[in-house]
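Offset between the sequence shown (1-based) and this note's numbering: plus 397.
Built from N, CA and C at the ideal position, the CB exists for glycine as well.
Reviewing the structure listed below.
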Amino acid sequence: MISPAIEQLMREHEETMMIPAENVANVMKEHPLEHALLLLSQAGYSTIPVLDREDHFVGLLSLNDIVKKMLGIDGIDTSNLDELTVADVMKTDVSVMRPDAELEDVLHLLVDSSFLPVLDHEGVFCGIVTRREILKSVNYTFHSLGRKNPEAKVIIHANS
Numbered sequence: 398m399i400s401p402a403i404e405q406l407m408r409e410h411e412e413t414m415m416i417p418a419e420n421v422a423n424v425m426k427e428h429p430l431e432h433a434l435l436l437l438s439q440a441g442y443s444t445i446p447v448l449d450r451e452d453h454f455v456g457l458l459s460l461n462d463i464v465k466k467m468l469g470i471d472g473i474d475t476s477n478l479d480e481l482t483v484a485d486v487m488k489t490d491v492s493v494m495r496p497d498a499e500l501e502d503v504l505h506l507l508v509d510s511s512f513l514p515v516l517d518h519e520g521v522f523c524g525i526v527t528r529r530e531i532l533k534s535v536n537y538t539f540h541s542l543g544r545k546n547p548e549a550k551v552i553i554h555a556n557s
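Encoded structure:
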């Protein structure tokens, strides 16, 4: 359980924790893999959300997923990229969150993911919460604790 004081400090930056959908690169599940490869390489991301035509989140596509499809016995084969779609290689078993998710749950999920897609209750893609934004909030919280209570000490124990 997260201390209420810590959670309150973390939530002071809640509005900046989520990158809105309109600012997140994404692909449609019907797009050819060739298009997705170009988008990923141009945007500089390794993984992006996949949406349907109604903006529902349906999965994640990574550069690694595409490269695996290009690898053949004799080397790299890009000839099938225009025949395959994003839906053919995307991952659908991924962690997601709701806008009203508990902070502790979000922190647990971000241990294994660099970002979490945020979906409304109809599955419409709202944006992403990144590990980077959460860590910026953690940094702010630790520094704020020291300013608000100079006697407070934050001790971090490493599990061995």
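Test item: CB-CB of residue i and residue j under 8 Å
i    : j    : result
I445 : A422 : yes
A433 : V483 : yes
L478 : E431 : yes
S541 : L406 : yes
V521 : H428 : no
S443 : S459 : yes
Inter-residue Cα distance where the pair is residue i and residue j
i    : j    : result
A402 : S492 : 27 Å
T475 : L468 : 8 Å
V455 : S510 : 17 Å
L448 : H505 : 25 Å
L481 : L435 : 14 Å
R528 : D471 : 38 Å
S557 : M425 : With a pLDDT of 49 at S557, under the threshold of 50, the predicted position of this residue should be treated as unreliable, though the coordinate-derived value follows. About 43 Å.
N536 : P496 : 22 Å
I531 : N420 : 17 Å
Cut-off 7 Å between Cβ atoms - residues of its own chain near residue i, not counting five sequence neighbours on either side
i    : result
V526 : M414, M415, M494, V503, F512, L513, V515
V508 : none
Residue burial classification, residue i (beta-carbon count within 10 angstroms, cutoff 16)
i    : result
S534 : buried
I399 : exposed
V464 : exposed
G524 : buried
Chain-order list of residues whose beta-carbon lies under 8 Å from that of residue i (same chain, five-residue window excluded)
i    : result
D462 : V486, M487, K488
Same chain only: Cβ atoms within 6 Å of residue i, ignoring 5 sequence neighbours per side
i    : result
A440 : A422
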